[in-house]
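The number in the working numbering is simply the position in the sequence shown, starting from 1, with 3 added.
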Amino acid sequence: MQHLRQLLAIENSELSRLLRFSLYGIEAALTQARTASPQDPGAEICDEVLQELHHLLQPTLLQPDASQELKLSHLRTVFDADPELSLYLGNSPLQSQTDSDLWNEIQRKLLRLPEDLATLWRQRTLELAAAAGAQADNFHLYQLPFIRDELIYPGLSGTVQAQGLCLSEQALLDAKIAPSHESKDLYVLAGFLNLYIKFIEIDPDLHHALKSIFSFDVISLHSKPEQQTYYIDALIDRFQRTEKAEENADPLISLRTWIDIDEAIHSLVFVPPAERYSWWGKLQQQSRRMLKKVADRAISAGNNVRIRQLSGLYADICALTKDDLQLDCGGTPGEVLTCIRVYARINQEESPGRVLFRSLR
4 MQHLRQLLAI
14 ENSELSRLLR
24 FSLYGIEAAL
34 TQARTASPQD
44 PGAEICDEVL
54 QELHHLLQPT
64 LLQPDASQEL
74 KLSHLRTVFD
84 ADPELSLYLG
94 NSPLQSQTDS
104 DLWNEIQRKL
114 LRLPEDLATL
124 WRQRTLELAA
134 AAGAQADNFH
144 LYQLPFIRDE
154 LIYPGLSGTV
164 QAQGLCLSEQ
174 ALLDAKIAPS
184 HESKDLYVLA
194 GFLNLYIKFI
204 EIDPDLHHAL
214 KSIFSFDVIS
224 LHSKPEQQTY
234 YIDALIDRFQ
244 RTEKAEENAD
254 PLISLRTWID
264 IDEAIHSLVF
274 VPPAERYSWW
284 GKLQQQSRRM
294 LKKVADRAIS
304 AGNNVRIRQL
314 SGLYADICAL
324 TKDDLQLDCG
334 GTPGEVLTCI
344 RVYARINQEE
354 SPGRVLFRSL
364 R
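Here it is in structure tokens:
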């Protein structure tokens, strides 16, 4: 236990981060199993183990140290106290225990807000960081593979050292899914999937709602690491099927595989889901624009195709969907939060869509 605590306390350590994520997963799995099997002979010992894990994962709460007080503590307080943010991000408080992690956690959350609100808050975070003696740093950046170069948010230098985040086309060359330069659409698609795979590694708030893996709930990729593996494998498998369909040049086969890969892309969600006009929302809409191009090709080949992204009141579109999921946070009660799979009608054959919607409770 002593060595576990020592490793968890090391800042800027990938091994420390991996251990913490793994322990969170063990804690979540034991909690779920304990609830499902209250009469299990190991229940009492399990309660003791859960208590030990709880203490281990929250050392700063149990052993406060004034010398370790965050320089960005005021930023944390202001961010957690803003009721407008909770409409888009839910009510979970910030979790980071270091200034560097706190900066990145807040900046990643801003990517889920409407663009105008995110811009205001990004400026506010820089002002509060400056008040603590830190300034924006656009040079020390963590690179995410994508089809273009783009600064997502700056890091910090001065009293607080924190990496920023950027998109990098150079990083795409060494990514998990090899992009095909022969097809512009496949090159863009590979960029999407590689970006998502790397983002899953750095953002513990991400969930998936991919029906082929788990159809009954929105699943955390952080607390259930095996789901992370299943989801990434599904992305790779659907990309390979899309690639083969493009080679066959059959517009209908190609369209169906693009609908499947678009579903996988839109199954990567937050709880509540990112706002449609946020950085995340706009990123995902690029996938829908690619899907529309593929649908237009099928129409040009003489097929009767209708693709519909489902939105608005859930009661108005539920006849076009199947196996939908509901959440009790985000958006407006009774409305669609995000369209996971589009509704499609291909030569009189209907394929239902799938959505996340806000319950009326």
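The beta-carbon is built from N, C-alpha and C at its ideal position, and this holds for glycine as well.
Who are the Cβ neighbours of residue i in its own chain at under 6 angstroms, not counting the five residues just before and after it?
i: K247; result: none
i: Q66; result: For Q66, the pLDDT reaches just 38, beneath the cut-off of 50, and the residue's location in the model is therefore unreliable, leaving the point undetermined.
i: G334; result: L340, R361
i: I349; result: V308
i: E30; result: L56
i: I235; result: I200
Residue i by DSSP, collapsed to three states: which one?
i: E353; result: strand
i: C49; result: helix
i: Y156; result: strand
i: S186; result: coil
i: H211; result: strand
i: V221; result: coil
i: L144; result: strand
i: V308; result: strand
i: L316; result: strand
i: F273; result: coil
i: F195; result: helix
i: K161; result: Correcting the residue identity first, residue 161 is Gly in this sequence and not Lys. Residue state, collapsed to three classes: strand.
i: L359; result: strand
i: T324; result: strand
i: R348; result: strand
i: A174; result: helix
i: A32; result: helix
i: A9; result: Reading the sequence as shown, one finds Gln at residue 9 and not Ala. DSSP places Q9 in helix when its eight states are reduced to three.
i: Q54; result: helix
i: Q66; result: Residue confidence is low: Q66 scores 38 on pLDDT, short of 50, so the model does not pin down where it sits. Its coordinate-derived value is still stated next. In the structure shown, Q66 sits in coil (DSSP, three-state: anything other than H, G, I, E or B).
On a CA-only basis, which of the options is nearest residue i? Give me that one, please.
i: Q243; options: P275, S218, L59, L192; result: L192
i: Q254; options: L116, I180, Q166, I302; result: In the sequence as presented, Gln is not what sits at residue 254; that position holds Pro. If we check each option's Cα against that of P254, I302 comes out closest.
i: R259; options: T245, A267, I268, C321; result: T245
i: Y280; options: T122, S160, Y234, I235; result: T122
i: E288; options: R344, T101, Q98, D326; result: It should be noted that the sequence gives Gln, not Glu, for residue 288. Comparing Cα-Cα distances from Q288 to each of R344, T101, Q98, D326, the minimum goes to R344.
i: I256; options: L18, I239, L294; result: L294
i: K187; options: P96, K296, L97; result: K296
i: L300; options: P336, S40, A252; result: Looking at the sequence itself, residue 300 is Arg, so the reference to Leu does not match. The residue with the shortest Cα to Cα distance from R300 is A252.
i: V81; options: R127, A347, Q351, S19; result: R127
i: D104; options: E118, L120, S76, S89; result: S76
Please return the same chain residues whose Cβ sits closer than 7 angstroms to the Cβ of residue i, not counting the five positions on each side in sequence.
i: G28; result: S226, K227, P228
i: K179; result: N197, I200
i: G158; result: D140, H143, L144, A165, Q166, G167
i: V339; result: L313, S314, G315, Y317, I320, V358, F360
i: H210; result: V221, I222, S223, L224, V272, F273, V274
i: A298; result: L258, V308, I310
i: N94; result: none
i: R276; result: As written in the sequence, residue 276 is Pro, which differs from the Arg given in the question. Excluding positions up to five away in sequence, the list reads G333, L340, T341, L359.
i: D83; result: P96, L97
Anyone know if the C-beta pair for residue i and residue j falls short of 8 angstroms?
i: D331; j: R357; result: no
i: E130; j: L189; result: no
i: W261; j: R115; result: no
i: D220; j: L328; result: yes
i: L60; j: L10; result: no
i: L176; j: R151; result: no
i: A36; j: L78; result: no
i: L147; j: A181; result: no
i: A267; j: L213; result: yes
i: L33; j: L7; result: no
i: S290; j: F217; result: no
i: E278; j: Y91; result: yes
i: Q231; j: I264; result: no
i: E14; j: T101; result: yes
i: L97; j: E87; result: no
Excluding sequence positions up to five away, which residues of its chain have a Cβ less than 8 angstroms from the Cβ of residue i?
i: D162; result: Looking at the sequence shown, residue 162 is not Asp but Thr. Contacts found: K74, A135, G136, A137.
i: R125; result: Q110, L113, Y156
i: D50; result: R37
Kindly say whether residue i, judged by its beta-carbon, lies nearer than 8 angstroms to any beta-carbon of chain C.
i: C332; result: Among the protein chains of the structure shown there is no chain C, as only one such chain exists.
If you follow the alpha helix (DSSP H) that residue i is part of, which residue opens it and which one closes it?
i: A84; result: 76-84
i: V339; result: Segment 339-344 is the beta strand (DSSP E) holding V339; no alpha helix (DSSP H) there.
i: I262; result: 254-269
i: Q126; result: 118-134
i: D73; result: Residue identity check: residue 73 is Leu in the sequence provided, not Asp. Neither: L73 is in no alpha helix (DSSP H) and is coded neither H nor E.
i: Q329; result: Run containing Q329: none in the alpha helix (DSSP H); it sits in the beta strand (DSSP E), 328-330.
i: E249; result: 228-251
i: S103; result: 102-113
i: Q289; result: 282-303
So the beta strand (DSSP E) residue i belongs to, where does it begin and stop?
i: Q166; result: Taken as a continuous stretch (DSSP letters only), Q166 belongs to no beta strand (DSSP E), as it is neither H nor E.
Is the closest heavy atom of the ligand MG to the C-beta of residue i under 7 angstroms?
i: Q312; result: Among the components of this structure there are no ligands whatsoever, and the ligand MG is therefore not found.
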